[in-house]
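So the sequence shown is numbered by our numbering: it starts at 506 and just counts up by one. Ideal placement from N, C-alpha and C gives every residue a C-beta, glycine not left out. Remarks on the structure that follows.
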Amino acid sequence: MREHLGFGMLFWASWGVGQWLGVAGLAAALLLTVRLEGKPGTWPLGFSTFFLLFAFLHLVFPGAIVALWMTLMLTAIIGIASKLKYRYLGFNLLAGDLYHLAASSWRSVFVDNARMAIPALFAGAAIAAVAMLVDITLVEQATSLSLRLAIFALAVLIYVAVYRLSGGAPRFRFDLLTRDRAHLSAFVASWLGAGPSQRPGFVDIAHDPLPFLPPVPAKRDNGEARPHIFMVLHESTFDPRHHGVPINRAFEQFFSPANGLSGALHVDVFGGSTLQTEFSVLTGLSSLSFGNDSRFVFHLLAGRVRHSLPSVLSGMGYHVSHVSCDRPNFVNCDRFYKSIGFEEVAYAATLPPPFDLERWRRERHDEQLYSHALNRIADRLGSERPCFLSIMTLMNHGDHRRRIFPPELQADIRREAVALSGNENYGEYAVRLAESVEAYAAFRGQLETALNGRPAIVVRYGDHQPSFTAALTGLPPSDRALHKTFYAIEAINSALPADLAAPAMLDAAFLSTLTMSAARLPLDPVFATRTALLADCAARYFASESVRKKRFHRALVEAGMVDLA
């Protein structure tokens, strides 16, 4: 008996490799775009974005199937990078990450997160190799240039139409970019006006200004010396009690010092972007008030903020300086620091001996920065000018799967932490925290000796939680519980004002205001007005719908305190 193939089987059997690759590519494009976009609300823009990328690459690659697979490879690389960024930082990949941050930060990101970065790099290389293999091996008829140009023009028209119907640039508001969706469409849109701008602006601002309150005089007795002010940023440090993990007495004293003010600090970020918390603390503004520009405020607002904690203290006669754990060119920090009033900035990477640079590269130990800071303080205490010195630590930064100390160091702390949490990353965090606690206790003791009876206050805070806390808690990076660190204010050779209350939750934008009040310094109209705003939005500054806050922002702009021209 003779067997006959059905029409369908003959049809499929007649297909060549190119046709199979074309169908497979279209199916992969559909699935990949849906995966990267998440919810159906952004699917149309995701598909039009993919078509736009395809049409653009088709101008370079004459074969349609090769261009399709090149688009798939490019989309996959964008998706991997954006998904990883969201996982570790809670924010999608944007154009500004490449042209503002990549040049100065790629090396430190790669070194600190090697276990994530190396596999991602190999995955990207493998994807590129597959793309080149398809280009080399597949022989197909070239599409004419005139048709490719027509396809590109059509793709642009479709993209523009869908983009506008989807809401345009406002569609890509900050909230959308922190929800593990729109990874493809947001990245491309950020190159076309939906991402970082050249001229930043408030997204929470009213049309009419709020009148500034009158200045408030200093609350010190006549002849009482102004206190020195020391501010310490504890990198990637949070109070484990916020997640229900008990801590020992030494840790308790670190987070909640006796006779001090302390509480939870609400910060704008998770997992990284220390610069945003620094920006909030030093300027009294939330980085999120600048929308999608929030991650690039050191670049976009350098020279534009005329009222800050350093500049105000400098105007009062303080010597204002900073000890940074970074490099001068890191995320434009040197230009930004100096633009807001710091007179001197020292960077760990450029400190001369006796600073042990090899040890710093290995451990990034807090005590090294404290030692350098104490030398600076000793030089300044002989002057009649009080000093404001901020110190930025780094020890708890980076991948907590990597052990930076010998296994025998703080071994009991590690075992206890892992037993309490069931998480090895938390064990490493606890070891680094124990070293931070001991280093700070030694620094405080030496500082008190150096002060020799002179009054001072020490303000400390955590900049963000480390990335592993998302897995530890099972919460998404956008959850507000992961945007909570700590703050603590202590007095040395003096007492904090008896009537100064410590909010249980304080937004980082108010920490400078609380610092001025704790030091009993006079409050200028801006700080006086901020103090009044505590009643409206002490816990979460940006999220508050306070009309007075929005009018305050307008007042800052009209007074030239924030230059948005």
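Across the set Ala924, Ile962, Gly967, the C-alpha of Gly967 shows the shortest separation from the C-alpha of Leu938. Taking every protein chain shown into account, the CB of Thr580 has 16 or more other CB atoms within 10 angstroms, so this residue is buried. DSSP lists Gly967 as the beta-bridge partner residues of His739. By the CB criterion at 9 Å, Asn834 and Ala691 fall outside the cutoff. Beta-bridge pairing by DSSP links Gly672 to no other residue. For a cut-off of 8 Å, the C-beta gap from Ser895 to Tyr593 is around 26 Å, too long to register as a contact. DSSP places Ala993 in the uninterrupted beta strand (DSSP E) bounded by 992 to 997.
The count of Cβ pairs closer than 8 Å, one atom from the segment 697 to 712 and one from the segment 989 to 999, stays below three, leaving the stretches out of contact. C-alpha of Pro545 to C-alpha of Gln524: approximately 29 Å in a straight line.
His1058 sits in a helix when the DSSP states are folded into three classes. Taking C-beta atoms under 8 Å as the contact rule, His824 and Glu848 qualify, at a distance of about 6 Å. Sequence-distant Cβ neighbours of Asp744 in its own chain, meaning closer than 6 Å and more than five residues away, are Phe760, Phe991. In this structure, Asn998 sits near Glu953, with a CB-CB distance shorter than 9 Å. In the three-state reduction of the DSSP assignment, Met1066 falls in the coil class, being assigned neither a helical nor a strand state. With a contact defined as Cβ atoms closer than 8 Å, Gly789 and Arg1035 qualify at about 6 Å.
Glu849: member of the beta strand (DSSP E) spanning 849 to 852, first to last residue. Annotation note: the segment 806 to 849 contains the following uninterrupted beta strand (DSSP E) runs of length 3 or greater, listed N- to C-terminal: 824 to 829. CA-to-CA, the gap between His969 and Ala976 works out to about 15 Å. Per DSSP, reduced to three states, the secondary structure at Gly584 is helical. Exclusion of the five residues before and after Glu1063 leaves Pro714 as the residues of its chain whose Cβ lies within less than 8 Å of its Cβ. Less than 9 Å divides the Cβ of Gly706 from the Cβ of Gly796. Within the segment 1003 to 1037, the alpha helix (DSSP H) runs of at least 4 residues that lie entirely inside it are, in chain order, 1016 to 1023. Excluding its 5 nearest sequence neighbours in each direction, Leu557 has C-beta neighbours in its own chain below 6 Å: Ala660, Tyr664, listed in chain order. A contact between stretches requires three or more CB pairs, one per stretch, nearer than 8 Å, and the segment 904 to 922 meets this requirement with the segment 858 to 876. Gln915 counts as buried, since no fewer than 16 other beta carbons sit within 10 angstroms of its beta carbon. For His688, the enclosing alpha helix (DSSP H) covers residues 688 to 694. Here Ser695 really is in contact with Ala600; their C-beta atoms are around 4 Å apart, less than 8 Å. In the DSSP secondary-structure assignment, His771 is bridged to Lys989, Asp1012.
Secondary-structure assignment with DSSP links Cys1042 through no beta bridge to anything. Contact between the segment 728 to 748 and the segment 1038 to 1052 is absent: fewer than three C-beta pairs spanning the two stretches fall below 8 Å. In this chain, the beta strand (DSSP E) harbouring Ser895 covers 892 to 897. Within a 10 Å sphere around the beta-carbon of Asn880 sit fewer than 16 other beta-carbons, which makes this residue exposed.
Around the beta carbon of Ala658, fewer than 16 other beta carbons lie within 10 angstroms, which makes this residue exposed. DSSP lists His733, Ile997 as the beta-bridge partner residues of Ala961.
Under the three-state reduction of DSSP output, Leu599 falls in the coil class, being neither helix nor strand. DSSP links Val750 through a beta bridge to no other residue.
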